[in-house]
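Notes follow the structure.
Residue numbers (my numbering): 61 to 416.
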């Protein structure tokens, strides 16, 4: 049976791409994993833009074990923020995905938490790719619990206080600006952590969004990333054709940087007690101002990797999948503001006492 709808220049032979943006710890990877696990036969590919030296988010997605999105369909970009390295990294990654057989039906692009969507969407006008792909939609993932409390991130109050006390830093909060720019470019907003927000919190979170949302953009509340993939994919917006109408903080800047953030990898020996180690991670947030931790650990006597993810002092962990043939090396990425004290973070994660 043929499709009765006439082919249009915006869709004919062009692979739709969904750009999933959102702040660190907002729930982007959890959302994408749920989409992959419920793809209903649709052949998907994912481009994951990491912030740091270890492809943790890509490993989480590769652990899905889904036939319609095998490991070779997941491409990791770890050389910097995708909106800063779009020419060097994004286009070659897209070329590799478009060359896959069988052909993919849809591409999901998970940006780093610091990425600005607009430069990435603008790249879809480039001659090398504009005839082959289109932006099906930009999805902004927002931490609903934080927003209900008046923050754009879980520990935003602490971050704002640190910036205010440092006279050599710009007084404009870059986290707020990135958040505003992501919302300004959104075609759909996903409000995560719905189970952690009561009815009044939902009202506050949505009220905070209402002042920033472009006209007609929907907000969908979810828990643990559970959403019908049809809500995210198939928007058919062609965002690249409207992106110049979406005003952001950085429209008048020739470039931007992320020098306000530091990240590094901590190698962790095999541990015995996941709960005890989770307490160390929470300590690192409280005592060393770590914004985000994510990675895998080896637990004595357990054949599976322990996936650890933390936003501020809130730590989650579960066993993910068996270790591969290589060494069982525990590695965590720690992310914080510029000047993050690596030695202090490593000492806390090692269980050592540190000066107050």
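Cβ coordinates follow ideal geometry from the N, Cα and C atoms, glycine included.
Values in this document were obtained by computation on a predicted structure and should not be read as measured data.
DSSP places residue 379 in the strand class (E or B) of the three-state scheme. Relative to the Cα of residue 104, the nearest Cα in the group 76, 89, 87 belongs to 76. Under the DSSP assignment, residue 335 falls in the alpha helix (DSSP H) whose first and last residues are 334-348. Counting only runs of 3+ residues, the beta strand (DSSP E) found wholly inside the stretch 187-214 occupies 193-203, in chain order. Residue 408 and residue 366 have their alpha carbons spaced roughly 19 Å apart. Here the stretch 295-311 does not lie against the stretch 366-383, with fewer than 3 beta-carbon pairs under 8 Å apart.
When secondary structure is reduced to three states using DSSP, residue 247 falls in the coil class, being assigned neither helix nor strand. Rounded to the nearest angstrom, the Cβ distance from residue 284 to residue 81 is 19 Å, too far for a contact under 8 Å. Annotation: residue 166 to residue 157 spans about 10 Å, alpha carbon to alpha carbon. Shown here for residue 358: same chain residues with a beta carbon closer than 6 Å to its own, the five before and five after excluded, namely 330, 388, 390 in chain order.
DSSP, reduced to helix, strand and coil, places residue 414 outside both helices and strands of the structure shown, so it counts as coil. Counted as a single uninterrupted DSSP element, the stretch harbouring residue 91 is not any beta strand (DSSP E) but the alpha helix (DSSP H) occupying residues 88-97. Collapsing the DSSP output to three states places residue 398 in coil. In this structure, residue 170 keeps its C-beta atom at 8 Å or more from the C-beta atom of residue 249.
In this structure residue 300 is in contact with residue 184, their Cβ atoms being roughly 4 Å apart against a cut-off of 8 Å. Taking a 10 Å sphere around the C-beta of residue 247, we find 16 or more other C-beta atoms and assign the residue as buried.
C-alpha of residue 286 to C-alpha of residue 279: approximately 14 Å in a straight line.
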